[in-house]
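In our numbering, the protein residues as written are 12 to 556.
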């Protein structure tokens, strides 16, 4: 943090900024650090639950889930995030930031109780355990989404002249929480999983106590007198349609048999907003919304899977890879100011996309500790600035959208990775588990295993999610073991190794996501260059147009 701001950190007095000019007032650093700890809490919930779901003794042995089904369990703690962050963004100026903060903390604590209870009954009642862990993930997601619903507009308001820098610093809390909770969870070793899930309660209570007496600022849009309808126009029918489609896919998967009702509800939501605003939304905003799908999958999706993917490749706890990349993210985000100022946000995102592509491709084929962490460094450098810099661009280019446009990109990103990203990555692994076995020499020596160079269809089961949007083949339960009966130890070991280590290869396929982003960011760069270069819009100056 710059020396000029150290005194603010050392004297974090709550300031009532409701009736002040945010740009000319001293920022409330206690409010900022409370928001920072709230974000740390969300990553506590994320990483501990992800580590739990990466434990095959829980997911496979106890709950009987395959990789794609684990992806659905992981997704349930992601996509409801969008419901609460977008939902609260629509009403947060009415219900207040403090109410939202309390709601978030309560949800996170309830999840901890449900998770602990679920694990305690798992041996006797695995179905009840699955229900508690599944629906507890939904409640956690609602709480985490509400955290971002209030912290992003609060920080963008109190630092309204340097939004991208301070949003990057704020979002250092996400990897910071991954580091702290990741180290704690790994160091707890074989301790009861209930204790590991319960550590989220500590930071939840800390930020609740810190912020309960603070007064929150009036959001930039509200103080500028921009109407609620004008805020919705920035989002428009286009943004609402994307949200409606993703919500429909998830609801239809979670509550099968109600497709018609969900189509009517989700369609009415999008059409209703379009009719009310008579706006398709800002074209740039719509493009940024679309980019959030591959962005969230690149960062959150890969983070959620990487420990499980690399577990068979390394001899140490694979969670250290996520902790290591999170340390890099945390440090770089704290010092994002000079980087953003020297490169500009769009060029920074272009460079980040290139690094993410190279990092994922490298991770998919490396062996050895040094090579793995070298590839992980490239991946970490790539993903570091994606999320907060996108928030900065949205806040700077659509200030009339207020909390809605700022938070909706986060919500849509989390919704997309929960609905599509996590299951798709799981499906990629299932496909690789089949194709990698077919590609080794030992497979050709096993009678009935291959047919025309491919795994025989009778050994496989076809599955799909979301009306075939995600389709994949997976091994029929016990079929591979049956085919390997009577084979030599060398053949069995070679085939099982190819199957178990196949997840690493899927990382290379995931590079398609930052590849899509790279193309989009180049288009955005060319657009701003045609307009004389990138510059933030100011409601007090040009009215936000």
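From the three backbone atoms N, C-alpha and C, an ideal C-beta is built for every residue, glycine too.
Could you compute how far the alpha carbon of residue i sits from the alpha carbon of residue j?
i: residue 111; j: residue 91; result: 16 Å
i: residue 23; j: residue 429; result: Confidence is the limiting factor: at residue 23 the pLDDT is only 44, short of 50, which leaves the residue's position unreliable, though a coordinate-based value still follows. Roughly 37 Å separates the two Cα atoms.
i: residue 550; j: residue 293; result: 16 Å
i: residue 288; j: residue 51; result: 36 Å
i: residue 306; j: residue 296; result: 15 Å
i: residue 538; j: residue 408; result: 13 Å
i: residue 245; j: residue 206; result: 44 Å
i: residue 197; j: residue 351; result: 34 Å
i: residue 57; j: residue 88; result: 8 Å
i: residue 532; j: residue 151; result: 32 Å
i: residue 70; j: residue 64; result: 6 Å
i: residue 83; j: residue 439; result: 14 Å
i: residue 187; j: residue 79; result: 29 Å
i: residue 498; j: residue 185; result: 48 Å
i: residue 241; j: residue 417; result: 14 Å
i: residue 176; j: residue 542; result: 23 Å
i: residue 457; j: residue 490; result: 13 Å
i: residue 540; j: residue 548; result: 15 Å
i: residue 195; j: residue 167; result: 31 Å
i: residue 431; j: residue 488; result: 25 Å
i: residue 147; j: residue 216; result: 19 Å
i: residue 221; j: residue 45; result: 6 Å
i: residue 81; j: residue 513; result: 17 Å
Taking the alpha helix (DSSP H) that residue i belongs to, which residues open and close that run?
i: residue 122; result: 108-132
i: residue 183; result: Unbroken run through residue 183: none, as it is neither H nor E.
i: residue 316; result: 313-321
i: residue 526; result: 523-541
i: residue 71; result: Neither: residue 71 is in no alpha helix (DSSP H) and is coded neither H nor E.
i: residue 269; result: Looking at the DSSP string, residue 269 is not in any alpha helix (DSSP H), and its letter there is neither H nor E.
i: residue 545; result: No alpha helix (DSSP H) holds residue 545; DSSP gives it neither H nor E.
i: residue 310; result: Careful: residue 310 lies outside any alpha helix (DSSP H) and carries neither H nor E.
i: residue 39; result: Neither: residue 39 is in no alpha helix (DSSP H) and is coded neither H nor E.
i: residue 89; result: Per DSSP, residue 89 belongs to no alpha helix (DSSP H) and is neither H nor E.
i: residue 159; result: 137-169
i: residue 520; result: 514-520
i: residue 325; result: Segment: none, residue 325 is in no alpha helix (DSSP H) and carries neither H nor E.
i: residue 371; result: 356-374
Of the residues the options, which one's Cα is nearest the Cα of residue i?
i: residue 536; options: 106, 77, 333, 358; result: 358
i: residue 97; options: 73, 161, 125; result: 161
i: residue 311; options: 367, 278, 269, 270; result: 367
i: residue 179; options: 460, 423, 343; result: 343
i: residue 392; options: 464, 364, 262, 308; result: 364
i: residue 354; options: 73, 154, 545, 46; result: 545
i: residue 149; options: 171, 194, 166, 94; result: 94
i: residue 419; options: 75, 216, 131, 250; result: 250
i: residue 137; options: 166, 534, 74; result: 74
i: residue 455; options: 494, 335, 115, 427; result: 494
i: residue 492; options: 153, 483, 507; result: 507
Assuming residue i and residue j form a contact by the criterion Cβ under 8 Å, report the distance between their Cβ atoms to the nearest whole angstrom.
i: residue 304; j: residue 356; result: About 19 Å separates the two Cβ atoms, so there is no contact after all.
i: residue 375; j: residue 402; result: The Cβ separation is near 29 Å, so there is no contact.
i: residue 232; j: residue 411; result: 6 Å
i: residue 317; j: residue 291; result: Between residue 291 and residue 317 the Cβ distance is about 38 Å, and since that is not below 8 Å, they are no contact.
i: residue 485; j: residue 77; result: 6 Å
Are the C-beta atoms of residue i and some chain C residue less than 9 Å apart?
i: residue 521; result: The question asks about chain C, but that chain is absent: this structure has only one protein chain.
| request: Can you check the segment 455-501 for any beta strand (DSSP E) of at least 3 residues that lies completely inside it and give the ranges in chain order? | output: Given a length threshold of 3 residues, each whole run of the beta strand (DSSP E) inside the segment 455-501 is given here in chain order: 471-476, 481-486.
| said: List, from N- to C-terminal side, the alpha helix (DSSP H) runs of 4 residues or more that fit wholly inside the segment 206-254. | reply: Taken in chain order, the unbroken stretches of alpha helix (DSSP H) that lie wholly in the segment 206-254 and span 4 residues or more are 212-222, 231-234.
| field | 4 or more residues per run - each alpha helix (DSSP H) lying fully within the segment 383-459 | value | 397-408, 413-427, 433-449, all fully within the segment 383-459.
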